[in-house]
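So for the sequence shown, our numbering puts the first residue at 19; every next one is plus one. These notes concern the structure reproduced below.
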Amino acid sequence: MEKYLKNLVEQFKQATGTKNVDTNSQAFISEFSEWVKSRKLIGQDYTSFIEYMDVHPSVISEESVEIGKGKHDTIALDTGIHMITPYSEGIQRTDAEIITADFAVYKGTPVMIKHNKGENQYEIIDTQYVRRFLTHNPYEQSCIRDWEQLHNKGENITVGIFGSIYDKDIESKIEQIKSLRDRMTNGDFKEDYITSGDSYCYAVSSARKVLVKTLTR
């Protein structure tokens, strides 16, 4: 949980332009708590946004898996979307599976890394049962390293960002997603950007063509 909160605090600093924080001060705790709450609300809009991008296969699906998010910034709750994350502490679900593990892409293959008694256990994810990997607001570039390989090898991904239009880090976050987009060279995708009130959403999403069988005579 400590590493997870550090990630969120770092995102708070980047978004607000704050250089130094006293994590023990009541003023910071109050401001940070409000920031987390506001991100949760924008996250609801973002969930609707990526759903209405209307890509195939569907983003909001029991065959989708959210990667690397925790209880304060996940969008998977109450959606049927499964989760693979090292930050599973405090999340209780009955509607979908939570796997406590890190996630990596190795030569286009999605891999889970479970940590058990000081040892790392690597497990290739059977994509027969996963139709889409998604994540948002990556804590750092390494969180989406080689995700374009997933797309280019035929898997489906959705990677996006969202926040306040007053955030100081909008441009750097957009460039991060555009850089991923530019490496998605094999297969169709959609991208979209919207603002609503004081918030914004931007995402890139694999959009495979639907094969329709026709009756021939």
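Glycine residues also receive a C-beta, built at the ideal position from the N, C-alpha and C atoms.
Below-7 Å beta-carbon distance, G181 vs any chain D residue:
You won't find chain D in this structure, because it holds only one protein chain.
Assuming L152 and I179 form a contact by the criterion Cβ under 8 Å, report the distance between their Cβ atoms to the nearest whole angstrom.
In fact, because the Cβ distance is near 12 Å, the residues do not count as touching under 8 Å.
With a cut-off of 8 Å, do at least 3 Cβ pairs link the segment 29–36 to the segment 114–130?
Touching, no, given that fewer than three Cβ pairs across the two stretches are closer than 8 Å.
Do N38 and Y157 have their CB atoms nearer than 7 Å?
No; because the gap between Cβ atoms is not below 7 Å, this pair is not in contact.
Tell whether a beta-carbon distance below 7 Å holds between V123 and Q159.
With respect to Q159, V123 sits apart: the two C-beta atoms are not nearer than 7 Å.
How is the beta strand (DSSP E) around K186 delimited, first residue to last?
Per DSSP, K186 lies in no beta strand (DSSP E) and is assigned neither H nor E.
Sorted by chain position, which residues of the same chain lie with C-beta nearer than 7 Å to A287's C-beta, five sequence neighbours on each side aside?
Because the chain here runs from 19 to 235, residue 287 falls outside it and cannot be looked at.
Can you tell me whether Y70 is buried or exposed, with buried defined as 16 or more other CB within 10 angstroms of its CB?
Exposure of Y70 is indicated by the presence of fewer than 16 other C-beta atoms within 10 angstroms of its C-beta.
Report yes or no: do three or more beta-carbon pairs, one from the segment 193–201 and one from the segment 86–93, lie closer than 8 Å?
No, the segment 193–201 does not touch the segment 86–93.
Thinking S214 and D63 are a contact (beta carbons under 8 Å), I'd like their distance in whole angstroms, please.
Confirmed, about 6 Å.
Which runs of the alpha helix (DSSP H) at least 4 residues long sit entirely within the segment 115–202? Give them in chain order.
Within the segment 115–202, complete alpha helix (DSSP H) segments of at least 4 residues are found at 165–170, 188–200, given in chain order.
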